[in-house]
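Take a look at the structure set out below.
Protein chains: 2
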Amino acid sequence: MDRLVIGVDLGGTILRAGAFDAQGTMVVVCETPIEAARGPESGLQKMQGLIKQVWAESGAKTLAGIGIGSTGPVDPLHGIINNPFTLPTWENVRVVEWMEKAFSVPVTLENDADVAALGEYWQGAGQTIQRLYAVTVGTGVGTALILDGEIYRGVDGSHPEGGHMVLDPGGPLCYCKMRGCWESLCAGPSIERQAREADLTGSHLLEMAAGERDNIEARMVFEAARMGDKPALAIVEDFTRYFIQGILNVCILFVPEVIVLSGGVMRSTDLFLPRLEDALQAYTEMVPAHRVHILPAKLGYYAGLYGAAYTIWSKVL
Amino acid sequence: MDRLVIGVDLGGTILRAGAFDAQGTMVVVCETPIEAARGPESGLQKMQGLIKQVWAESGAKTLAGIGIGSTGPVDPLHGIINNPFTLPTWENVRVVEWMEKAFSVPVTLENDADVAALGEYWQGAGQTIQRLYAVTVGTGVGTALILDGEIYRGVDGSHPEGGHMVLDPGGPLCYCKMRGCWESLCAGPSIERQAREADLTGSHLLEMAAGERDNIEARMVFEAARMGDKPALAIVEDFTRYFIQGILNVCILFVPEVIVLSGGVMRSTDLFLPRLEDALQAYTEMVPAHRVHILPAKLGYYAGLYGAAYTIWSKVL
């Protein structure tokens, strides 16, 4: 391989880097804990080291550029990470400038949800799709919109946060300060909270959590529901109703060709995907929701690496 | 004037046509009742007649094209009106083909909400704005998104219907089959229904409606609220809460530079705009909603004519 691009995925816990050729093949991938709380200087050196390692292992002569996807908020227009929330102490970190100096190649910075969606567009579930909407349900609910292969941005390059649209003003209070946003109703922590607060008489959930309510995890709730556990089924029922409402709202507002679903909760699609599909098929009056395809993400953990690399390859090629 | 474009606005009641020069000046405008129930053949002849009249009155030599905005659903990609709902008997009407034959010039067809937003982009409140979202609150709640001067379209050229996003699953049933969509909570008929069903003890509303509950109109409710009428204030309070929620959701999902407001209900912005502005200023955590500008539409009834004409001028120039 002559030329490669390195995609970097900076999460709150793990830092990953992968080397990609122009055809979209990931030839090497490495990872290391980011240990963000040690400060940005230490983190940036780690990132530089990982990029060097991946480059060396790839055997490529030339580095065409580095694409970075980071847990947000980030400022993609100025290449700045501003995220003391999941990267403690990382405020106003000029990562693009830093890496450009270190490697003398073009460097981009994007929100992690955006590059994950872009990765699915380039090499995953959404290839050649003109309007691709991505929804990730895990610790939170993240969204991204890829239009004609480009990240949709709001004012000042901001990243829309569809996961915080309000679906039920009578719902639980979220850290976004609103009640009943999508995330507060459907993300993993919401499912866990409901299970921990539920009347668990006759339920297997306590057993599954070794007798401790605080140990109950979202995946256990889905597992229990599969076995017919009533309290778990009630929680999954609420989750399903709200999840369908969120997806229908996305259809009504964007009418995308494809909605790509990812995240931990998507391991349990057997419990709610058939009903979601039925709801879309039935909603044909106002917009052709029956024409919107729901697809599972294909690239898993690596979607962000693909997308980050594509931010460079799409310009170079 | 050498060359002009004619913009046409086909509503359920009125048919309008205006002649525009390339600078965006409307030099002539005419209107006539459409009497849609007489059938599409009669309607298309009326439209042809009105276009000829406007062209003649403009004194222009050349017609560069005709842009048509129509009450939807329409199929802009194939130039077909399919709207037996507000244009009784108008099913599968190939209006573009018909007018192209009649005038031998390029003809476009778009949804009326889209051309109204496009008009505001061209000559109204949203000039040079990269991401413009338009919300019309009247008999219904209509929305449109203009990105870089182009109409955002969904699958198959479909028009997203943001007015039917669900804001409260416990809300009233809408003809879209969902409960608590934006339109069911905030459009004129919803305000009227609430007033007609309310306990009107001590209210001026019945007087204003000449003693008949069925005569109560949305504008009366806003008027009464201005005078401190308690039942009216309660309805306006609910309206305001849901309207703000709808606009905030638009900010969260799109983060546009500008949201242009229009429609009959917007004559009462004094009652809710200050609170909306406060809500946007306060919502800075997830997206920079404080950077989204709320502007009243500038072109009134004629916005659709401007936008329809622009669909041609933007291609010709």
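Line by line, the protein sequences give chains A and B.
If you're matching positions, the first sequence starts at 1 in this note's numbering and goes up one per residue.
If you're matching positions, the second sequence starts at 1001 in this note's numbering and goes up one per residue.
Glycine is no exception: its CB is placed at the ideal position from the N, C-alpha and C atoms.
As the structure is a prediction and not an experimental result, all values here were calculated from the model.
Subject >> Per-residue burial, P40 of chain A [other beta carbons within 10 Å of its own, 16 or more giving buried] >> reply: buried
| message | I'd like the ranges of any alpha helix (DSSP H) spanning at least 4 consecutive residues and lying wholly in the segment 184–266 of chain A. | response | 188–197, 205–208, 218–226 and 230–254
**Asked** In or out: L1205 of chain B buried (at least 16 other Cβ within 10 Å) or exposed?
**Response** buried
| field | Nearest neighbour of M1099 of chain B, chosen from B:L1109, B:N1092, B:W1090 and B:E1091 [CA to CA] | value | B:L1109
Quick one, which of A:E35, A:V236, A:E192 and A:I252 has its alpha-carbon nearest E217 of chain A's?
-> A:E192
**Asked** Considering only residues of the same chain and omitting the five flanking positions on each side of V1321 of chain B, which have a CB-CB separation below 6 Å?
**Response** Shown here, chain B extends from 1001 to 1317; a query on residue 1321 of chain B therefore has no answer.
| Going by beta carbon distance, what residues of the same chain come within less than 6 Å of S1262 of chain B, once the five residues before and after it are set aside? | T1136 and A1297
Query - Selection from B:L1233, B:V1093, B:V1292 and B:Y1121 that minimises the alpha carbon distance to S1042 of chain B - result: B:V1093
With a cut-off of 8 Å on the beta carbons, I'd call T89 of chain A and A37 of chain A a contact; round off their distance for me.
6 Å
Notebook entry, point to check: With distances taken between CB atoms, is the gap from V8 of chain A to G59 of chain A smaller than 8 Å?
Noted result: no
Inset, instruction - Over the uninterrupted beta strand (DSSP E) stretch that includes P1296 of chain B, give me the two end residues. - result: H1293 to P1296
Using only the heavy atoms of the ligand NAD, determine whether one of them is closer than 7 Å to the beta carbon of T240 of chain A.
No copy of the ligand NAD appears in this structure; indeed no ligand is present at all.
CB contact check: V236 of chain A to chain B, cutoff 8 Å | no
Roughly how many angstroms lie between the CA atoms of L1276 of chain B and L1295 of chain B, to the nearest whole one? 12 Å
Please report the distance separating the alpha-carbon of P231 of chain A from that of A195 of chain A.
8 Å
Can you say whether I51 of chain A is buried or exposed, counting buried as having 16 or more other CB atoms within 10 angstroms of its CB?
buried
- Task: Examine chain B for any beta-carbon lying closer than 8 Å to the beta-carbon of E161 of chain A, and answer yes or no.
- Result: yes
message = Using beta carbons (cut-off 8 Å, strictly below), is G1142 of chain B in contact with chain A?
response = no
Note to self: Quick check on S1203 of chain B: buried or exposed, where buried means 16 or more other Cβ atoms within 10 Å of its Cβ?
What the structure shows: buried
- Item | Y175 of chain A burial status per 10 Å Cβ neighbour count (16 or more: buried) | exposed
Note to self: Please identify the residue among A:G79, A:C30 and A:S190 whose C-alpha is closest to the C-alpha of P106 of chain A.
What the structure shows: A:G79
* To do: Note down, one range per segment and in chain order, each beta strand (DSSP E) of at least 3 residues found wholly within the segment 106–173 of chain A.
  => 107–111, 131–137 and 141–147
**Spatial neighbours of P73 of chain A in its chain, beta-carbon cut-off 6 Å, leaving aside the 5 residues before and after** = N82 and N83
Notebook entry, point to check: Taking buried to mean at least 16 other C-beta atoms within 10 Å of its own C-beta, is D214 of chain A buried or exposed?
Noted result: exposed
### Task
Determine the direct distance from the alpha carbon of V1260 of chain B to that of T1032 of chain B, and round the result to whole angstroms.
28 Å
DSSP three-state assignment for L1299 of chain B, whether helix, strand or coil: coil
Practice task
Count the C-beta pairs between the segment 109–129 of chain A and the segment 236–244 of chain A that are closer than 8 Å, then say yes if the count reaches three, no if not.
Solution key: no
Along chain A, which residues have their Cβ under 8 Å away from the Cβ of F1243 of chain B? Ordered by position in chain A, no residue passes the 8 Å Cβ test against F1243 of chain B, which lies about 12 Å from the chain.
For E91 of chain A, three-class secondary structure by DSSP = coil
Original post:
Exposed or buried, what is S104 of chain A when buried is set at 16 or more other beta-carbons lying within 10 Å of its beta-carbon?
Top reply: exposed
Per the DSSP calculation, I1066 of chain B is bridged to which residue(s)?
B:I1006 and B:V1107
query = Should V255 of chain A and V287 of chain A be called a contact, given that it needs their Cβ atoms to be closer than 8 Å?
reply = yes
Item checked: Short CB-CB distance (under 8 Å) between D199 of chain A and chain B -> no
Quiz prompt | Three-state secondary structure (DSSP) of I80 of chain A | solution = strand
- Item | chain A contact for G1170 of chain B (CB, 8 Å cutoff) | yes
C1186 of chain B versus G1264 of chain B: straight-line alpha-carbon distance, rounded: 12 Å
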